[in-house]
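Residue numbers (the working numbering): 25 to 448. In this text, a Cβ means the ideal position worked out from N, Cα and C, and glycines have one as well. What follows is a single structure, written as structure tokens, with notes after it.
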Amino acid sequence: EGEVGDKGSYSYNGRLHDRGASLRLRIVRTIDGQLRSAILTMKDHCSYEGGSVSRWATRNAPLSSEQTNALLATTTTVGQLLNAALVSETSGPVADVARAVSTILGSNAQLSHLNHVGSFHTSRLVLQWTNATSQSGLITHLDHTRFPHTGVERFELEVPNIEVPVQDVLEELSQVLREMNIPFELGTESKYQVFLRNLPRAGQAASHMSNDLKMVFEGRSSYDAVCASFTPEQTKSTVSQISYFFDTPDSALAKKHNTVFRIRQDTKDGKSETTAALKEQQAVNEGQNFCWSQEHAFPAELLQAMISGDPSSVLQYSTFPVVAALVGKLDVRVLKYIGHISNERRNFIWSNSKSQPGLSVRLDHTTFPHCGVERFELEVPNIEVPVHDVLEELSQVLRDEMGIPFELGTESKFQVFLRTLPSN
């Protein structure tokens with residue numbers, strides 16, 4: 025296929041990066057240097073888990089050779105290109121990318137402030153694995169990527185467009201590579217994440233991908249039995265939590281954006297801390313709880329004012345990063361208090377875990393005061409290995425050794441809260 029050059033990555037004051045998004049111009053050339061294609065791509069929320077990559081939104085806009093050459097020669101900026109598409113097109117790929125980027129930046133006017141931040145280059149060999157048994161005719165990419173700003177080189181194998189369970193492909197590939205005595209590690213970063221991590225003076229992203237394991241117990245007895253199985257040395261702390269939820273008057277955060285804005289008070293050893301959190305694109309599937317999350321300290325007195333008052337403007341609180349994200353990313357101007365839940369959290373260290381040594385385990389007893397529902401669950405945050413490995417080990421301990429039944433979580437606490445509200 026020849027050389028793939030990611031010739032441009034663009035940002036405005038880090039706001040694309042903070043959202044976990046990227047805007048890039050990807051130039052594909054043949055071995056002899058002929059232009060094959062040019063695509064302007066916006067990727068929103070890219071995450072890795074156990075070597076498998078997930079993207080919640082990708083928008084591609086093929087560019088003409090004239091548009092491409094103008095960008096490379098800097099006679100046209102990417103902001104000018106996007107603005108021109110919005111003016112001249114009612115619909116179209118470039119206009120779709122422009123609208124997606126302007127949504128994150130806050131307005132169309134901000135497009136002109138996009139800055140070029142760097143590039144990297146990949147030589148890609150595309151092969152067809154004709155004798156693959158997991159998926160017939162599997163396509164594989166062998167990539168050699170160079171990051172000019174650091175001199176770092178990266179060599180990797182990618183399998184795109186998998187139509188069967190990823191685990192099946194992974195098992196077959198692992199067996200073949202190990203038979204060839206070729207060591208490898210499962211990918212934990214995209215090329216862009218490696219690029220950004222090594223970029224000189226690159227700021228740290230304000231938000232992060234949260235990937236937890238969630239298991240729900242039938243009742244209090246199972247919860248108490250699991251708590252009692254930990255030794256005093258494995259017990260870290262007990263925290264009382266009250267989570268206050270807010271939404272727009274028309275419930276746009278939950279219904280339109282799949283987003284939670286929560287302010288939580290944590291009390292431990294008589295001391296309280298208040299934290300505001302924004303959780304975007306939250307999804308719970310077969311026990312795995314995914315979301316793009318950012319948190320920041322928040323004054324307790326302002327929380328009380330937000331709870332007791334009528335729906336109020338959030339602009340007065342926009343000096344706080346999480347609230348600023350609400351305003352800048354989602355164009356939220358007014359919030360109202362919609363209710364709260366209470367939780368007693370017991371934190372433990374599973375010191376003899378084999379899947380991930382020193383695994384953190386949270387046992388939660390949550391009360392939903394508006395409906396009287398109680399929920400007992402086990403959560404494992406900050407998993408650094410394939411979630412399936414942790415789940416298998418925990419399942420063996422709970423079901424086989426302790427005889428404790430459980431179900432894999434299918435809802436977050438907020439989703440339970442929302443489902444049980446009287447208005448729903």
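Taking C-alpha atoms, which residue in THR272, SER379, GLY116 and PHE392 lies nearest to VAL358?
-> With distances taken between CA atoms, VAL358 lies nearest to THR272 out of THR272, SER379, GLY116 and PHE392.
My understanding is that GLU368 touches HIS389, with C-beta atoms under 8 Å, so please give their C-beta distance in whole angstroms.
-> 5 Å
Taking only runs of the alpha helix (DSSP H) that begin and end inside the stretch 160–216, which ones reach a length of at least 4 residues, in chain order?
-> 190–203
Using the C-alpha atoms, what's the distance from LYS279 back to PHE392?
-> 21 Å
Element boundaries [alpha helix (DSSP H), containing GLN328] = 324–332
Does DSSP classify CYS251 as helix, strand or coil?
-> helix
Would you call GLU209 buried or exposed, if buried means 16 or more other Cβ atoms sit within 10 Å of its Cβ?
-> exposed
ASN107 by DSSP, collapsed to three states: which one?
-> helix
Minimum C-alpha distance to GLN258 - residue among ASN371, LEU197 and GLN134 | ASN371
Runs of beta strand (DSSP E) wholly within the stretch 381–444 (minimum 3 residues, chain order) | 383–392, 397–404 and 430–432
Look at GLN305 and VAL346 and say whether their C-beta atoms are less than 8 Å apart.
-> no
With distances taken between CB atoms, is the gap from SER158 to VAL193 smaller than 8 Å?
-> yes
Beta strand (DSSP E) runs wholly inside the stretch 264–326, at least 3 long, in chain order = 283–292, 295–309 and 312–321
Using the C-alpha atoms, what's the distance from VAL356 back to GLN328?
-> 20 Å
Provide the residue span of the beta strand (DSSP E) that contains SER366, from first to last.
-> 358–374
Which whole-angstrom value is the C-beta distance of VAL150 and ILE163, which I expect to be below 8 Å?
-> 7 Å
VAL52 lies in the beta strand (DSSP E); which residues open and close that run?
-> 45–53
Determine the DSSP secondary structure at LEU237, reduced to helix, strand or coil.
-> The three-state secondary structure of LEU237, taken from DSSP, is strand.
LEU64 and LEU40: beta carbons closer than 8 Å?
-> Cβ distance not < 8 Å, so LEU64 and LEU40 don't count as in contact.
Near GLU417, what residues of its chain come up, given a Cβ to Cβ distance below 7 Å and the 5 sequence neighbours on each side ignored?
-> SER377, LYS378 and SER379
If we ignore side chains and look at the alpha-carbon of each, how far apart do ALA156 and PHE344 end up?
-> 52 Å
Euclidean distance between Cα positions of SER61 and THR54 = 10 Å
For SER158, three-class secondary structure by DSSP = coil
Contacts around GLN191, its chain only, beta-carbon distance under 8 Å, and the 5 residues preceding and following it disregarded = Result list for GLN191: HIS412, in chain order.
Rounded to the nearest angstrom, how far is the Cβ of ILE428 from that of ALA249, given a contact under 8 Å?
-> 6 Å
Contacting residues, own chain, Cβ-Cβ under 6 Å from ARG83 (five flanking each side not counted) = Counting only residues of its own chain and dropping the five nearest sequence neighbours on each side, ARG83 has a CB closer than 6 Å to the CB of MET66, ASP120, VAL121 and ALA124.
Closest to THR146 by CA distance: which of GLU180, SER375, MET330 and GLY116 is it?
-> GLU180
Tell me whether PHE219 sits in a helix, a strand or coil according to DSSP, three-state version.
-> It is helical.
In angstroms with no decimal places, state the Cα-to-Cα distance between SER143 and THR92.
-> 15 Å
GLY363 to TYR268 span [Cα, whole Å] | If you draw a straight line from the Cα of GLY363 to the Cα of TYR268, it is about 6 Å long.
In terms of alpha-carbon separation, which member of GLU408, PRO184, GLY294 and GLU90 lies closest to LEU237?
-> GLU408
Around the C-beta of PHE441, are 16 or more other C-beta atoms found within 10 angstroms, so that it is buried, or is it exposed?
-> Burial call: buried.
Determine the burial state of VAL315: buried for a count of at least 16 other Cβ atoms within 10 Å of its Cβ, exposed for fewer.
-> Correcting the residue type first, residue 315 is Cys in the shown sequence and not Val. Answer is buried; the Cβ neighbour count reaches 16.
Can you give the beta carbon distance from MET204 to LEU432, rounded, assuming they're within the 8 Å contact cut?
-> Wrong, their Cβ atoms sit about 36 Å apart, outside the cutoff.
Helix, strand or coil at LEU138 [DSSP, three-state] = LEU138: coil per DSSP, three-state reduction.
Name the DSSP bridge partner or partners of LEU64?
-> LEU49 and ALA85
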